[in-house]
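Chains as they are written, first to last, in our numbering: chain A, 26 to 265; chain B, 10 to 473. We treat Cβ as the ideally placed atom computed from N, Cα and C, and that holds for glycine. Computed from a predicted model, the values in this text were never measured in an experiment.
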């Protein structure tokens, strides 16, 4: 089949056959549950993974998922306690700061981060870049990158965040990247690698492209729409 | 003493008179209470139409949309309704004695802000009743919009623009009687190459089967025109448009670009003499409440009024198709089913009143408080309102844009319920091809099926 579109399903008069109808509802149910799911670090990742990477959890000013959906601005700023905790636990002026955000799908980061993060950090180590402690942000929007810039002044911030689920998959994650993020940044100052999931961009390819972009950003001292992503290295290059 | 509310200008009054929308709240311009909302509606109902024309919500000196609206305003036909209040205008639109001819006569005297104002004091059923009176007919390779006709856009999107995948989805849509409005693909990549490849492939499909319909690749206007320069055939030139100059700028367009693009396509159609053109409506526009706020270019004006102004832009270019993509923008602007339904009815009514061939992409994203039942509801309401066309997406699941819309199945359902037919030229083709019999989908017998599949094979062969 040349397309994932739902073709050749037949019909019951002017309506779907029962199996089609129920399948559509089932897929929507998965997408809805993924959107509504609240992030909890301890259930999202296993204890060994959390311990290995010393992950900790913080939150934006949005206190519920509902508030997060209705008021985007709250998801772009840390709560006061979270800000204090980040300043207490993190080191400023690192080359790389990786942040994990729930976005619109906890399931996406739950599925993709354990595959991607080790590859990413291995590459960072190989390149000799310094990296700050990694934390997970509840009710997170992409704009949080700006405050991360203000608080920690990393050279490059990488946000791994759950994408809005489609009907076919709720497991897709994006990586947003910004060079010296700050208050005035908008999407035009960021680079995006999207569609990271098992049937899209593999964790290996995604890690390769992210690392490649990092090096490119450091070379040119910019990020965003004026920075064109260089040809990605073969995924093997980072596994070697 | 009754409670007093103070509205400092028309912008504030217009915003506070709106039905509740999360986008107006996000912009910080919504009514603070239900009492304030109704106070604004009452005050708005007492304004004369002339007062609205005389006080532009956005200064025409620094917004070319305002300038365009005033330039194309028909002052002569405005004279008889000049001192009519918004409240009286609502009754005029609904009156037993008002027919389509009366409404058509004042169509160009109604500026978008007037359409928006009256919308704010109409109920959902009012919006359906008034819209159902108006048919705006357009012509390109067929005729859309006549009374009794419901068109469907086949939207055969593919996550990687795979041509065979696109053609397979499109072919199945034809078997459901869809595709008379347009066979239109949103490309995954906005490159000139893939836009050209899609346009050539769709044209091959339409030529092979001799289908009297239009094709379109919904890339950025400059990408489509570049593909045209490289020899791609274009039936309809697509662009998203909005109600302020700054929002259009954020889309990377100007009014001049739309005007020049349209002229190039009209010329291109004249050169394609193998096609029997029915008319010179060559543009396809999409819009949606909230787009200006999302681009941070709303200038303190509410999303209903800005949507009406987008229609003011559209009607200056005599489009073949216009539709709002009503649930696509997300819950920050239209929170739930109730707000999506309201916006869909508002958009359709305002567009029809302003003279546009309004269709609607009845849809939702998975983070909105809506589901397929919400789509069913709005689909039926707009069917009753006489909407020109809907989308046809395989099972309503767009596998490229990751949202849910209406389906090929829905097309059969709405046409059956409201006794509507495909566009006349297209219906004739469906019956000749054996896909339809007596204005209804026919059971395909083996020779017909074989014949149809042969055509698909021919269309696919061109892709290698």
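- Non-local C-beta neighbours of residue 432(B) in its own chain, meaning closer than 7 Å and more than five positions away in sequence, comprise 151, 152, 153, 158, 160, 189, ordered along the chain.
- The way I'd put it, the segment 388-404 of chain B doesn't touch the segment 149-169 of chain A; fewer than three beta-carbon pairs between them come closer than 8 Å.
- Residues of chain A whose Cβ lies closer than 8 Å to the Cβ of residue 374(B) are, in chain order, 189.
- In the three-state reduction of the DSSP assignment, residue 293(B) falls in the strand class.
- Residues 31, 376, 377, 378 of the same chain have their beta carbon placed closer than 7 Å to that of residue 340(B), with the five preceding and five following residues left out of the count.
- The three-state reading of DSSP puts residue 81(A) in strand, counting E and B together.
- A check of alpha carbon separations from residue 177(A) across 200(A), 150(A), 114(A) identifies 114(A) as the nearest.
- Counting every other CB atom within 10 Å of its CB across the protein chains shown gives residue 64(B) a total below 16, marking it as exposed.
- Taking 9 Å as the cut-off, the beta carbon of residue 189(A) is found no closer than this to the beta carbon of residue 126(A).
- Chain B places no beta carbon closer than 9 Å to that of residue 162(A), leaving this residue out of the contacts.
- For residue 131(B), there is no enclosing beta strand (DSSP E), since its DSSP letter is neither H nor E.
- Interface criterion not met: the Cβ of residue 431(B) is under 9 Å from no Cβ in chain A.
- Annotation for residue 88(B): no alpha helix (DSSP H) segment contains it, and DSSP assigns it neither H nor E.
- In this structure, the straight-line span from the alpha carbon of residue 290(B) to that of residue 49(B) is close to 39 Å.
- For residue 331(B), the uninterrupted beta strand (DSSP E) run begins and ends at 330-334, by DSSP.
- Residue nearest to residue 336(B) within the set 328(B), 348(B), 329(B) is 348(B) (criterion: CA-CA distance).
- Just so you know, the alpha carbons of residue 96(A) and residue 90(A) end up roughly 10 Å apart.
- Here DSSP, grouped into helix, strand and coil, assigns residue 201(A) to strand.
- Per DSSP, the beta bridge partners of residue 369(B) are 333(B), 399(B).
- Take residue 103(B), set aside five residues on each side of it, and the residues of its chain with a beta-carbon closer than 7 Å to its own are 135, 138, 139, in chain order.
- Of 39(B), 184(B), 332(B), the smallest CA-CA separation from residue 446(B) is found for 184(B).
- Counting every other CB atom within 10 Å of its CB across the protein chains shown gives residue 71(A) a total below 16, marking it as exposed.
- Contacts with chain A (Cβ-Cβ distance below 8 Å) from the segment 169-182 of chain B involve 171, 173, 174, 175, 177, 178, 181, listed in chain order.
- Interface flag for residue 333(B) against chain A is unset, since no Cβ pair is found closer than 9 Å.
- Put simply, the backbone Cα of residue 151(A) is about 15 Å away from that of residue 119(A).
- Counting along the chain, no alpha helix (DSSP H) covers residue 430(B), and no H or E run does either.
- The beta carbons of residue 121(B) and residue 293(B) sit about 19 Å from each other, so the pair does not count as a contact at 8 Å.
- For residue 191(B), there are no C-beta contacts with chain A under 9 Å, since the nearest C-beta of that chain is about 18 Å from it.
- Going by beta carbons, residue 224(B) and residue 199(B) fall outside the 9 Å limit.
- At a cut-off of 9 Å between beta carbons, residue 381(B) contacts chain A.
- Put simply, of 73(A), 239(A), 100(A), 75(A) the residue whose alpha carbon is nearest the alpha carbon of residue 84(A) is 100(A).
- CA-CA distance, residue 37(A) to residue 470(B), rounds to 33 Å.
- As summarised for the segment 155-231 of chain B, the continuous beta strand (DSSP E) elements at least 3 residues long and confined to that stretch are 160-163, 191-194, 224-226, given in chain order.
- The Cβ-Cβ distance between residue 53(A) and residue 164(B) does not fall below 9 Å.
- Uninterrupted beta strand (DSSP E) stretches at least 3 residues long and entirely within the segment 27-88 of chain A occur at 81-84, given in chain order.
- Bridge pairing for residue 248(B): 294(B) [DSSP].
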